[in-house]
Amino acid sequence: QKEVEQDPGPLSVPEGAIVSLNCTYSNSAFQYFMWYRQYSRKGPELLMYTYSSGNKEDGRFTAQVDKSSKYISLFIRDSQPSDSATYLCAMSERNNDMRFGAGTRLTVKP
Amino acid sequence: DGGITQSPKYLFRKEGQNVTLSCEQNLNHDAMYWYRQDPGQGLRLIYYSQIVNDFQKGDIAEGYSVSREKKESFPLTVTSAQKNPTAFYLCATTKLAGNKDTQYFGPGTRLTVL
Numbered sequence: 001q002k003e004v005e006q007d008p009g010p011l012s013v014p015e016g017a018i019v020s021l022n023c024t025y026s027n028s029a030f031q032y033f034m035w036y037r038q039y040s041r042k043g044p045e046l047l048m049y050t051y052s053s054g055n056k057e058d059g060r061f062t063a064q065v066d067k068s069s070k071y072i073s074l075f076i077r078d079s080q081p082s083d084s085a086t087y088l089c090a091m092s093e094r095n096n097d098m099r100f101g102a103g104t105r106l107t108v109k110p
Numbered sequence: 111d112g113g114i115t116q117s118p119k120y121l122f123r124k125e126g127q128n129v130t131l132s133c134e135q136n137l138n139h140d141a142m143y144w145y146r147q148d149p150g151q152g153l154r155l156i157y158y159s160q161i162v163n164d165f166q167k168g169d170i171a172e173g174y175s176v177s178r179e180k181k182e183s184f185p186l187t188v189t190s191a192q193k194n195p196t197a198f199y200l201c202a203t204t205k206l207a208g209n210k211d212t213q214y215f216g217p218g219t220r221l222t223v224l
């Protein structure tokens with residue numbers, strides 16, 4: 001079993017849809033949870049950062065962490081074609097031991 | 111990308127050759143990391159360094175070497191011992207002061223073995 005599981009997709013939605021991206025993990029010691037967005041042939045850019053359980057909202061993006069279920073989610077409201085990218089979840093106990101999901105490729109169609 | 115520079119953007123290597131990928135940062139971050147990204151797989155850690163003149167192996171260090179002679183620079187050498195080096199290589203940095211920082215990535219180098 002991989003330490004972090006993420007459905008690679010691809011996921012295709014119409015513009016304006018609500019997108020839900022998810023990851024599960026097995027290491028209960030993870031306490032820092034991140035979502036990165038990666039455009040084609042570019043480096044990942046940090047989108048959301050959450051410590052421990054709970055929700056965090058930033059504009060159209062909401063990150064949720066459920067440590068009891070070892071499950072994290074990223075919601076994108078009013079999705080735009082510019083949101084088309086690969087979304088990577090990442091998590092760690094401390095800064096130098098991050099574990100990444102495989103990434104979900106998202107396409108938002110106009 | 112911010113203050114992290116990786117060069118070259120594309121690199122081609124013949125089998126049996128060593129190549130060195132450059133990573134430079136002007137963020138004054140303490141730690142630097144090298145990851146490898148392959149299609150359908152998550153980022154895998156090759157090496158990391160938290161201070162100058164010290165570095166640690168990651169999950170897939172075999173066939174790679176690094177140095178950290180300056181805080182700003184963390185070059186990665188892909189040696190001929192790496193059996194499947196074709197991949198997208200990403201350098202990342204983090205400021206170690208406090209627990210709320212996370213890793214920031216450079217633009218990457220795509221290495222292709224001919």
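Chains as they are written, first to last, in the numbering used here: chain A, 1 to 110; chain B, 111 to 224.
Ideal placement from N, C-alpha and C gives every residue a C-beta, glycine not left out.
All values reported here derive from a predicted model rather than from experimental measurement.
1. I want to verify the contact list: residues of chain A whose CB lies under 8 angstroms from the CB of B:PRO217, in sequence order.
2. Cβ closer than 8 angstroms: which chain B residues qualify as neighbours of A:MET91?
3. On a Cα-Cα basis, can you pick out the residue from B:LYS193, B:LYS205, B:LEU153 that is closest to B:GLN127?
4. Output, in chain order, the set of chain B residues within a Cβ distance shorter than 8 angstroms of A:VAL19.
5. Among A:LEU46, A:LYS67, A:SER40, which one has its Cα closest to the Cα of A:SER52?
6. So what does DSSP say about B:GLU125, is it helix, strand or coil?
7. Cα separation between A:LEU11 and A:PHE75?
8. What residues in the segment 126 to 154 of chain B bring their beta carbon closer than 7 angstroms to a beta carbon of chain A?
9. Using a Cβ-Cβ distance cut-off of 7 angstroms, determine whether B:LEU200 contacts chain A.
10. Could you compute how far the alpha carbon of A:ALA29 sits from the alpha carbon of B:LYS124?
11. Any heavy atom of the ligand NAD closer than 6 angstroms to the Cβ of B:GLY126?
12. For A:ARG60, tell me which candidate among A:GLY54, A:ARG77, A:SER73, A:ASN27 has the shortest Cα-Cα distance.
13. Is the shortest distance between the beta-carbon of A:PRO10 and the beta-carbons of chain B less than 7 angstroms?
14. Can you name the residues of chain B whose CB is closer than 8 angstroms to the CB of A:ALA102?
15. Measuring straight from C-alpha to C-alpha, what distance separates A:SER82 and A:MET48?
16. Using alpha carbons as the reference points, say which of B:ALA197, B:PHE184, B:LYS180 lies closest to B:LEU121.
17. Could you list which residues in chain B have their beta carbon closer than 9 angstroms to that of A:LEU46, in chain order?
18. Would you kindly work out how many angstroms separate the C-alpha atoms of B:ASP140 and A:PRO14, rounded to a whole number?
19. Would B:ALA191 be called buried (16 or more neighbouring beta carbons within 10 Å of its own) or exposed?
20. By the DSSP assignment, the beta strand (DSSP E) with A:GLU5 in it spans what residues?
21. Restricting to Cα atoms, I'd like to know which of A:ARG94, A:LYS42, A:GLY54 is closest to A:LEU88.
22. Using a Cβ-Cβ cut-off of less than 8 angstroms, list which residues of the segment 65 to 89 of chain A approach chain B; keep chain order.
23. Using a beta-carbon distance below 7 angstroms, is A:TYR49 in contact with chain B?
Quick answer:
1. LYS42, GLY43
2. Under the 8 angstroms cutoff, chain B gives no residues; its nearest Cβ is about 10 angstroms from A:MET91.
3. B:LYS193
4. None at all; the shortest Cβ gap to chain B is about 20 angstroms.
5. A:LYS67
6. coil
7. 13 angstroms
8. ALA141, GLY150, GLN151, GLY152, LEU153
9. yes
10. 42 angstroms
11. The ligand NAD is absent from the structure shown, which contains no ligand whatsoever.
12. A:ARG77
13. no
14. GLY150, GLN151, GLY152
15. 17 angstroms
16. B:ALA197
17. THR212, GLN213, TYR214, PHE215
18. 42 angstroms
19. exposed
20. 4 to 6
21. A:LYS42
22. LEU88
23. yes
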